[in-house]
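A.B. asks: The listed protein sequences correspond, in order, to chains X and B.
All residue numbers for the first sequence refer to the UniProt record's numbering, where the first residue is 1 and numbers rise by one.
All residue numbers for the second sequence refer to the UniProt record's numbering, where the first residue is 1 and numbers rise by one.
Note that the Cβ used here is the ideal one computed from N, Cα and C, for glycine as well.
Take a look at this one; I'll ask things after.
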Amino acid sequence: MNPSLDLRGVHYDYPDGSTALRGVDLTVAAGERVALLGPNGAGKTTLVLHLNGILHGGAGQVTVGGLDVDPADRARLMEIRRRVGIVFQDPDDQLFMPTVAEDVAFGPANLGLRGDELAQRVDEALAAVKMSEFRGQTPHHLSFGQRRRVAVATVLAMRPEILVLDEPSSNLDPASRRELSEILRTLPVTLLMVTHDLPYALELCPRAVILDAGRIVADGATIDVLADEDLLRGHRLELPYGFDPRLAATQLGI
Amino acid sequence: MGAGHAHPLHLDHDSLVHRLPPQVKIAAVLLYTIIVVVTPRDEFLAFAGYALLIVVVTAIARVPAGWLAKRATIELPFVLLAVALPFAGHGERVTWLGMSLSVDGLYGAWNIFAKGTLGVLASLLLAATTTARDLLLGLDRLRCPRVFTQIATFMLRYMDILAEDARRMRVARLSRGYDPRFLWQVKAFAVSVGALFLRAFERGERVYLAMLSRGYTGRLPAAEGGGATTAQWATSAALPIAAACIGVAAVLR
Numbered sequence: 001m002n003p004s005l006d007l008r009g010v011h012y013d014y015p016d017g018s019t020a021l022r023g024v025d026l027t028v029a030a031g032e033r034v035a036l037l038g039p040n041g042a043g044k045t046t047l048v049l050h051l052n053g054i055l056h057g058g059a060g061q062v063t064v065g066g067l068d069v070d071p072a073d074r075a076r077l078m079e080i081r082r083r084v085g086i087v088f089q090d091p092d093d094q095l096f097m098p099t100v101a102e103d104v105a106f107g108p109a110n111l112g113l114r115g116d117e118l119a120q121r122v123d124e125a126l127a128a129v130k131m132s133e134f135r136g137q138t139p140h141h142l143s144f145g146q147r148r149r150v151a152v153a154t155v156l157a158m159r160p161e162i163l164v165l166d167e168p169s170s171n172l173d174p175a176s177r178r179e180l181s182e183i184l185r186t187l188p189v190t191l192l193m194v195t196h197d198l199p200y201a202l203e204l205c206p207r208a209v210i211l212d213a214g215r216i217v218a219d220g221a222t223i224d225v226l227a228d229e230d231l232l233r234g235h236r237l238e239l240p241y242g243f244d245p246r247l248a249a250t251q252l253g254i
Numbered sequence: 001m002g003a004g005h006a007h008p009l010h011l012d013h014d015s016l017v018h019r020l021p022p023q024v025k026i027a028a029v030l031l032y033t034i035i036v037v038v039t040p041r042d043e044f045l046a047f048a049g050y051a052l053l054i055v056v057v058t059a060i061a062r063v064p065a066g067w068l069a070k071r072a073t074i075e076l077p078f079v080l081l082a083v084a085l086p087f088a089g090h091g092e093r094v095t096w097l098g099m100s101l102s103v104d105g106l107y108g109a110w111n112i113f114a115k116g117t118l119g120v121l122a123s124l125l126l127a128a129t130t131t132a133r134d135l136l137l138g139l140d141r142l143r144c145p146r147v148f149t150q151i152a153t154f155m156l157r158y159m160d161i162l163a164e165d166a167r168r169m170r171v172a173r174l175s176r177g178y179d180p181r182f183l184w185q186v187k188a189f190a191v192s193v194g195a196l197f198l199r200a201f202e203r204g205e206r207v208y209l210a211m212l213s214r215g216y217t218g219r220l221p222a223a224e225g226g227g228a229t230t231a232q233w234a235t236s237a238a239l240p241i242a243a244a245c246i247g248v249a250a251v252l253r
């Protein structure tokens, strides 16, 4: 079986000449849940925008479920964008339609779905994030946690193979944070989660990689990565005060 | 959030008028307004008839008269212009309460006042019975160019967010002791307008990236369904047809 995601030597320079990625190699197997950790400015968001071909042009190759990302091939790019569902950090960037249901329908409608099939996708995606009763609401009237869940639904409706979340726990209160993790855990997709929230990574993702200065500098079981104090310190990552990853792992039954 | 959840121009309840599809209401109000505007200004009876039609629709839509009157004050600046006309007009003049008024100017003022008020009231009734979202859907179904309805759709969604941004920036300015009293102190305000523009611009870029990621190819999916029945078209056609009958009857009289 093809890995969900395969990156080989991905390199990227910004138009102003600064280098964001200096040869990233990463393979994520189907059904895996991986945390992508790294300090601010490490190139995490740049990497994410490579996964569905929005950024390209540097060296290296991105492969999604066996399909090479080729910016020149528009039909294939559409299929890649279906397979890679990106949930952006600010739900207000993602939710732009006047109602929740219309926004969830935007992606599948771009894939050419209409009528009952489209309605069914919307119902299914909203049910998966437990937001069905809010379908007629304006996104502006929802709480931040609810908006983030709807943002997840907007990409779930495209039935992605891999779900990429940019800082999923940012700005959430503890209850919303827990609700989101319960939902993410039940989704039958490959998960790549970009985060600074190390306890959240431990809770959700068995595997973690650290990206720093445009390179993957560590790749292993999340508990081993978080327990390596020197590694974390070397890459400007810090556990919350008083958080013991080994104790937490025991409590979580990892 | 904290912002009012309902739009100030929309009256959220149920009535026969509220239930009509937006496109038939837009068409009816547009035709009604055109009929009002083309009516000769000295057909006073016709204008009374048009006003009566507004009263009837207001009653059916169960819109309180005071609610409507308060919002109709938006017309005032235009009416002020009309007040000047009788004094400034040329030609035949009449004396009233010791003031010399131009007859032509009086007719002109009446023309602006009557047609303006009827148009504003009709539009307010449309807004009161139709949500902003439905208005856009209606325009779309009336084959209004997609680019206009799309821009308006985005505006509808992001206006609140932008207002919220502006409010937070204002609170942050005030919190640091900013209290402009003189013109030369507005620099911080001007700068934050610029910052707000940049934020909106950057958000636009992020929204576009998020849309691309969900397979956007330059066309928003069309809203489905929502066609109006003949009965609904007939119901709302009652307004312009009645207005046309009144107008024609008044002119032929």
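#1: Would you say residue 258 of chain X faces chain B, with C-beta separation under 7 Å as the test?
#2: Answer with yes or no whether the minimum CB distance from X:Pro15 to chain B is below 7 Å.
#3: Are the stretch 170-186 of chain X and the stretch 4-13 of chain X touching by the rule of at least three beta carbon pairs closer than 8 Å?
#4: Rounded to a whole number of angstroms, what is the C-alpha to C-alpha distance between X:Val129 and X:Leu211?
#5: Select from X:Leu202, X:Pro240 and X:Arg148 the residue whose C-alpha is nearest the C-alpha of X:Ile86.
#6: Could you tell me the alpha carbon to alpha carbon distance between X:Gly242 and B:Arg133, rounded to whole angstroms?
#7: Taking the alpha carbon of B:Leu80 as the point to measure from, which residue in B:Leu9, B:Gly116, B:Ala46 and B:Ala163 has its own alpha carbon closest?
#8: Buried or exposed: residue 284 of chain X, going by 16 or more other Cβ atoms within 10 Å of its Cβ?
#9: Report the start-end ranges of each alpha helix (DSSP H) in the stretch 36-104 of chain B that is 4 residues or longer and not cut off at the edges.
#10: State the start and end residues of the unbroken beta strand (DSSP E) segment that holds X:Thr195.
#11: Please classify B:Ile151: does DSSP put it in a helix, a strand, or coil?
#12: Pick out the complete alpha helix (DSSP H) segments inside the stretch 117-169 of chain B, 4 residues or longer, and give them in chain order.
#13: With H, G and I counted as helix, E and B as strand and the rest as coil, what does DSSP make of residue 259 of chain X?
#14: Helix or strand or just coil, what does DSSP make of B:Ala24?
#15: Please confirm whether B:Ala128 and B:Leu11 have their CB atoms less than 7 Å apart.
#16: Let me see if you follow: with CB-CB separation under 7 Å, is B:Ile26 close to chain X or not?
#17: Determine the chain B residues that contact X:Gln94 at a beta-carbon separation under 7 Å, and present them in chain order.
#18: For a quick check, are the C-beta atoms of X:Leu5 and X:Val28 less than 7 Å apart?
#19: In the structure shown, what three-state DSSP assignment does X:Gly220 receive?
#20: Taking 7 Å as the CB-CB limit, is X:Gly112 close to chain B?
#21: Taking Cβ-Cβ distances shorter than 8 Å, what residues in chain X pair up with B:Leu139?
#22: Interface residues of chain B around X:Asn52 at Cβ under 7 Å?
#23: Which residues in chain X sit within 8 Å of B:Phe44, going by Cβ to Cβ distance?
#24: Checking contacts by CB at 7 Å: is B:Ile161 closer than that to chain X?
#25: Which word fits X:Val48, buried or exposed, when buried means at least 16 other C-beta atoms lie within 10 angstroms of its C-beta?
C.D. replies: On the basis of the coordinates in this document:
#1: A query on residue 258 of chain X cannot be resolved here, the shown segment of chain X reaching from 1 to 254 and no further.
#2: no
#3: Contact annotation: the stretch 170-186 of chain X does not touch the stretch 4-13 of chain X, with fewer than three C-beta pairs closer than 8 Å.
#4: 29 Å
#5: X:Arg148
#6: 50 Å
#7: Of B:Leu9, B:Gly116, B:Ala46 and B:Ala163, the residue nearest in Cα terms is B:Gly116.
#8: No answer is possible for residue 284 of chain X: the residues shown for chain X start at 1 and end at 254.
#9: 44-60, 65-72 and 76-88
#10: Thr190 to Thr195
#11: helix
#12: 132-141
#13: The question about residue 259 of chain X has no answer, for chain X in this structure spans 1 to 254.
#14: One detail in the question is off: residue 24 of chain B reads as Val in this sequence, not Ala. Helix at B:Val24.
#15: yes
#16: no
#17: Ala210
#18: yes
#19: strand
#20: no
#21: Per Cβ cutoff of 8 Å: no residues; B:Leu139 is ~13 Å from chain X at best.
#22: Ser213
#23: Those within 8 Å of B:Phe44 in chain X number zero; the least Cβ separation is about 43 Å.
#24: yes
#25: buried
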